[in-house]
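Undergrad: Heads up: the sequence shown runs through residues 710 to 1069, numbered per the working numbering.
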Amino acid sequence: MDRVFNFSAGPAVLPEPVLRQAAAEMLDWHGSGMSVMEMSHRGKEFIEIHAQAEADLRELMDIPKNYKVLFLQGGASAQFAVVPMNLLRGKTQADYISTGQWSKKAITDAKKFCKVNIAASAEAASFSHVPKQADWKLDPGAAYVHVTTNETIGGVEYHWIPDTGDVPLVADMSSHILSRPMDVSRYGLIYAGAQKNIGPAGVTIVIVREDLLGQALPVTPTVFDYKIQADNDSMSNTPATYGIYVAGLVFAWLKNLGGLGAMETTNQAKAGLLYDYLDQTEFYHSPVAKDDRSLMNIPFTLRNADLDKAFLKEAEAAGLTQLKGHRSVGGMRASIYNAMPIAGVQALVEFMRGFERNHG
Ligand code: PMP
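1) Does Lys777 pass the burial test, meaning 16 or more other C-beta atoms within 10 Å, or should it be called exposed?
2) Any idea which residues DSSP pairs Tyr776 with across the strands?
3) Report, in whole angstroms, the separation of the C-beta atoms of Leu922 and Ala939, which I expect to be a contact under 8 Å.
4) Between the Cα of Phe822 and those of Thr950, Gly784, Gly799, spot the shortest distance and give me the residue it belongs to.
5) Whole angstroms are fine: how far does the CA of His885 sit from the CA of Ser837?
6) Roughly how many angstroms separate the alpha carbons of Phe992 and His1068, rounded to a whole number?
7) Classify Met1041 as helix, strand or coil using the three-state DSSP reduction.
8) With 16 other CB atoms within 10 Å as the buried threshold, where does Arg1074 fall?
9) With a Cβ-Cβ cutoff of 8 Å, do Ala803 and Tyr900 count as a contact?
10) Between the beta-carbon of Gly902 and the beta-carbon of Ser883, is there less than 8 Å?
11) Could you name the residues of the same chain whose beta carbon sits closer than 6 Å to that of Met748, not counting the 5 residues immediately before and after it, in chain order?
12) Buried or exposed: which applies to His868, given that a residue is buried once 16 or more other Cβ atoms fall within 10 Å of its Cβ?
13) Would the beta-carbon of Tyr805 fall within 8 Å of that of Asn906?
14) Could you tell me which of Gly742, Met746, Glu866 sits nearest to Asp1001, measuring between CA atoms?
15) Can you give, in chain order, each stretch of the beta strand (DSSP E) that sits fully within the region 829 to 888 and has at least 3 residues?
16) Which of the three DSSP states is assigned to Asn715 in this structure?
17) Please determine, among Ala731, Ser1044, Ala851, Asn965, the residue with the shortest C-alpha to C-alpha distance to Ala828.
18) Check whether the Cβ of Asn859 sits closer than 7 Å to any heavy atom of the ligand PMP, and report yes or no.
19) Using a 10 Å radius around the Cβ and a threshold of 16 neighbouring Cβ atoms, would you call Asp737 buried or exposed?
20) Bridge partners of Asn1006, per DSSP?
21) As a quick exercise: from Ile914, Gly968, Gln1031, pick the residue whose alpha carbon is nearest that of Ala956.
22) Tell me the rounded alpha-carbon separation between Lys813 and Ala925.
23) Compare the beta carbon distance of Asn826 and Asp844 with 8 Å and say whether it is the shorter of the two.
24) Quick one: does the C-beta of Gln904 sit closer than 7 Å to a heavy atom of the ligand PMP?
25) Out of Asn775, Leu728, Asp985, which has the shortest C-alpha to C-alpha gap to Leu1004?
26) In the structure shown, what three-state DSSP assignment does Ala949 receive?
27) Taking only heavy atoms of the ligand PMP into account, decide whether any of them is closer than 7 Å to the Cβ of Asn790.
28) Please classify Asp765 as buried or exposed, where buried requires at least 16 other C-beta atoms within 10 Å of its C-beta.
29) Nearest-angstrom Cα distance between Thr808 and Pro927?
30) Is there at least one non-hydrogen atom of the ligand PMP closer than 7 Å to the beta-carbon of Gly1103?
31) What residue range is occupied by the uninterrupted alpha helix (DSSP H) comprising Leu723?
32) Among residues of its own chain, excluding the 5 on either side of Gly952, which ones have a beta-carbon nearer than 7 Å to its beta-carbon?
Okay, here's the thing in structure tokens:
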């Protein structure tokens, strides 16, 4: 069996030990005689799997007791609407910071529920940086401030936490959750789709401060009412059981590696390898401001775009897959999530050097 180095933005590479364990437990989970897929979500086996996954996530992220952890469905995209449904709490407007394609999508759906104030935008600079907080025009009457802390397409990441005073800070952390320690207590709500650093597509994690619950708009569907889901351990309806199980294996894998501090050190080393190379060559180019570069998603272009096709073809032949940039921006993108081993980034940089030698 040959595994490639998979640089996909998501669904993305998962840790090999996790996949092996899931395979070993596929037909018979811990002597239950069943696959996790076949278990009742209300049975004692699955309740144990779910509780352990939540406990491990709380430990990894050091989630304070006054926060609920929900395992929902619908992807991060559902949260673009579910956040305003739940968090307006009698207010009629919310602040959004626009840093890329994912912020824009969040804004589009929020507009269906409230007045959106774009307090800062990097669109005029082709989303190549995070606007400095000093330039934000926050509205004190906003129900919350929404940020996309890692823009998966543009490769722009917040390396600081905005200060929004008493107004709750809401973050879409889909593409960098668990990549490093995050101070959860600074946020009112964090959400993330699973298919990058958490597990298979189908699970969406919401971490929300308890005092924000219980004031959902009357139109809110039951499965999207945070309070109802929190009161029912995310089982107001059937949760994505198998996805929660695999997420739990990923959390255990992370704990085993030494937690998020250790993961951050590895992620910095991985991203450093690629950025250092991009910065010392004229052949390739990174479009993102140095201070705001993502550790997870690294877009780059070839100065001569005529070579794009050859680059992708030769990379594929070298076992380096899914390097094509998002269709909206072109070029290349290497997503190097937690599960991408450093050997994968070394192989990529080696390949890029060779390609430069041959075509430069
Ligand atoms: N937000 C961000 C930052 C993302 O990267 C993505 C998916 N790539 C989404 C939201 C949407 O996720 P989903 O397709 O699971 O709804």
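Beta carbons: idealized from backbone N, C-alpha and C, even for Gly.
Since this is a predicted model, take the numbers as computed values, not measurements.
TA: So, to answer that:
1) By one-based count along the sequence shown, residue 777 stands at place 68. The residue is buried, with at least 16 neighbouring Cβ atoms inside 10 Å.
2) Mapped onto the sequence shown, residue 776 falls at position 67. Looking at the DSSP assignment, Tyr776 forms a beta bridge with Arg918.
3) Here residue 922 corresponds to residue number 213 of the sequence shown, with the count starting at 1. Here residue 939 corresponds to residue number 230 of the sequence shown, with the count starting at 1. Confirmed, Cβ separation roughly 6 Å.
4) Position 113 of the sequence shown, counting from 1, holds the residue named residue 822. Ranking Thr950, Gly784, Gly799 by Cα distance to Phe822 puts Gly799 first.
5) The residue given as residue 837 occupies position 128 in the sequence shown. The residue given as residue 885 occupies position 176 in the sequence shown. The straight-line gap separating the alpha-carbon atoms of Ser837 and His885 is approximately 17 Å.
6) Looking up residue 992 in the sequence shown gives position 283. Looking up residue 1068 in the sequence shown gives position 359. Roughly 9 Å between the two C-alpha positions.
7) Translated into the one-based positions of the sequence shown, residue 1041 becomes position 332. The answer is strand: DSSP assigns Met1041 an E or B state.
8) Here the chain has residues from 710 to 1069 only, and residue 1074 is not among them.
9) Locating residue 803 in the sequence shown gives position 94, counting from the first residue. Locating residue 900 in the sequence shown gives position 191, counting from the first residue. It is not a contact, given that the beta carbons lie outside the stated cut-off.
10) The count along the sequence shown starts at 1 and reaches residue 902 at position 193. The count along the sequence shown starts at 1 and reaches residue 883 at position 174. Yes, the Cβ-Cβ distance between Gly902 and Ser883 is below 8 Å.
11) As a working note, residue 748 is residue 39 in the sequence shown. Taken in chain order, the residues that qualify are Glu754, Phe755.
12) If you number the sequence shown from 1, residue 868 lands on position 159. That one is exposed.
13) On the sequence shown, residue 805 is found 96 positions in, with the first residue counted as 1. On the sequence shown, residue 906 is found 197 positions in, with the first residue counted as 1. Result no, Cβ atoms of Tyr805 and Asn906 do not sit closer than 8 Å.
14) In the sequence shown, counting from the first residue as 1, residue 1001 sits at position 292. Closest in alpha carbon position to Asp1001, among Gly742, Met746, Glu866, is Glu866.
15) 854 to 857, 878 to 881
16) For the purposes of this step, residue 715 is taken as residue 6 along the sequence shown, with counting starting at 1. Note: Asn715 maps to strand in three-state DSSP.
17) The residue given as residue 828 occupies position 119 in the sequence shown. Nearest of Ala731, Ser1044, Ala851, Asn965 to Ala828, Cα basis: Ala851.
18) The count along the sequence shown starts at 1 and reaches residue 859 at position 150. Checking every heavy atom of the ligand PMP against the Cβ of Asn859, one is found closer than 7 Å.
19) Start at 1 with the first residue of the sequence shown, and residue 737 comes out as number 28. Burial call: exposed.
20) The sequence position of residue 1006 within the sequence shown is 297, counting from 1. BP columns for Asn1006 point to Ser1044.
21) Along the sequence shown, read from residue 1 onward, the residue named residue 956 stands at position 247. Checking every option, the nearest Cα to that of Ala956 belongs to Ile914.
22) Position 104 of the sequence shown, counted from the first residue, corresponds to residue 813. Position 216 of the sequence shown, counted from the first residue, corresponds to residue 925. For Lys813 and Ala925, the distance between alpha carbons rounds to 23 Å.
23) On the sequence shown, residue 826 is found 117 positions in, with the first residue counted as 1. On the sequence shown, residue 844 is found 135 positions in, with the first residue counted as 1. Contact flag unset, no.
24) As a position in the sequence shown, residue 904 is number 195, starting the count at 1. At least one heavy atom of the ligand PMP sits closer than 7 Å to the Cβ of Gln904.
25) As a first step, residue 1004 is located in the sequence shown; it is residue number 295 there, counting from the start. Of Asn775, Leu728, Asp985, the residue nearest in Cα terms is Asp985.
26) The residue given as residue 949 occupies position 240 in the sequence shown. Correct three-state label for Ala949: coil.
27) Counted from its first residue, the sequence shown places residue 790 at position 81. The question names Asn, yet the displayed sequence has Ala at residue 790. Ala790: no, Cβ never under 7 Å from the ligand PMP.
28) Stepping through the sequence shown from its first residue, residue 765 is reached at position 56. When all chains shown are included, Asp765 counts as buried.
29) Here residue 808 is taken as the residue at index 99 of the sequence shown, counted from 1. Here residue 927 is taken as the residue at index 218 of the sequence shown, counted from 1. In a straight line, the C-alpha of Thr808 is about 31 Å away from that of Pro927.
30) What the structure shows of the chain is the stretch from 710 to 1069, and residue 1103 is not part of that stretch, so it cannot be assessed.
31) Position 14 of the sequence shown holds residue 723. For Leu723, there is no enclosing alpha helix (DSSP H), since its DSSP letter is neither H nor E.
32) Mapped onto the sequence shown, residue 952 falls at position 243. Within its own chain, the residues whose Cβ lies closer than 7 Å to the Cβ of Gly952, once the five positions on either side in sequence are excluded, are Ala903, Gly908, Pro909, Gly911, Val912, listed in chain order.
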